[in-house]
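Okay, so here's the structure we're looking at.
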Amino acid sequence: MSTNIYISHTSMIFEFVDIGFNTLQIYDSLRPSIIELMKKEKLSIPDEWTLYFNAGYTNSKTPLVSKNKIGSYPSDKMKEITIIIPIPLKSEIDWGVNPEQHLYKKDHYDKLMKNFFELNIDFKNYTNRTDYVTACLKAGIKKAFEQGFTVGGMKVKANVTSL
Numbered sequence: 159m160s161t162n163i164y165i166s167h168t169s170m171i172f173e174f175v176d177i178g179f180n181t182l183q184i185y186d187s188l189r190p191s192i193i194e195l196m197k198k199e200k201l202s203i204p205d206e207w208t209l210y211f212n213a214g215y216t217n218s219k220t221p222l223v224s225k226n227k228i229g230s231y232p233s234d235k236m237k238e239i240t241i242i243i244p245i246p247l248k249s250e251i252d253w254g255v256n257p258e259q260h261l262y263k264k265d266h267y268d269k270l271m272k273n274f275f276e277l278n279i280d281f282k283n284y285t286n287r288t289d290y291v292t293a294c295l296k297a298g299i300k301k302a303f304e305q306g307f308t309v310g311g312m313k314v315k316a317n318v319t320s321l
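Be aware that the sequence shown starts at 159, since it is given in this note's numbering, and climbs by one per residue.
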């Protein structure tokens with residue numbers, strides 16, 4: 159079984175990544191759980207392929223995970239599943255960001271929603287960035303496995319009880 163599984167981070171918010179949370183710590187806590195899930199469910203991806211779960215920090219209205227139809231790059235032998243993590247403003251929660259840190263307006267994802275599944279995560283239930291980002295990633299990864307995705311022609315799908 160290939161263990162070419164990674165969590166990457168892309169931010170559409172200025173001065174956000176690794177401020178108030180540690181992406182490497184989150185990666186180290188989640189990657190073993192993903193690999194263990196794949197072993198337990200007897201799932202695999204082609205050895206030469208790499209699977210990325212990309213956390214995209216933005217100001218969308220709700221957390222999202224990309225549908226299977228986007229994110230395949232056969233020439234690079236890479237599958238990317240994007241998990242959109244909306245970051246609230248400081249006026250909404252103390253660990254939020256200033257409005258000028260957001261690169262896009264709040265409604266920029268509206269026209270793209272057909273490419274994503276919504277995740278039921280409310281930032282108000284979290285007291286810090288680490289717990290919120292981790293919860294969004296877990297929910298997105300879980301939803302991706304439950305909906306199924308294809309990596310290099312191999313279908314990957316599982317019922318996930320926990321990560």
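Beta carbons are placed, not taken as given, at the ideal position from N, Cα and C, and that holds for glycine.
Sub-9 Å separation of residue i and residue j beta-carbons
{"i": "S166", "j": "Y215", "result": "no"}
{"i": "I203", "j": "S224", "result": "no"}
{"i": "G310", "j": "P232", "result": "yes"}
{"i": "P221", "j": "P244", "result": "yes"}
Backbone CA spacing between residue i and residue j [nearest angstrom]
{"i": "G229", "j": "T240", "result": "8 Å"}
{"i": "D186", "j": "K200", "result": "22 Å"}
{"i": "T292", "j": "N212", "result": "12 Å"}
{"i": "E304", "j": "K296", "result": "12 Å"}
{"i": "E206", "j": "M312", "result": "12 Å"}
{"i": "T319", "j": "K248", "result": "33 Å"}
{"i": "W253", "j": "M170", "result": "17 Å"}
Residues of its chain near residue i, where Cβ-Cβ distance is below 6 Å and the 5 sequence neighbours each way are ignored
{"i": "F275", "result": "V223 and K301"}
Close Cβ partners of residue i (< 8 Å) along its chain, the five nearest in sequence each way excluded
{"i": "T161", "result": "I193"}
7 Å CB neighbourhood of residue i in its chain, flanking five on each side removed
{"i": "R287", "result": "G178, F179 and W253"}
Item to check | Minimum length 3: unbroken beta strand (DSSP E) runs contained in the segment 162-218 | outcome: You should have 163-169 and 208-216.
Next on the checklist: Quick check for students: name the residue ranges of the beta strand (DSSP E) that lie wholly in the segment 237-316, counting only runs of 3 or more.
Outcome noted: 274-276, 307-309 and 312-314
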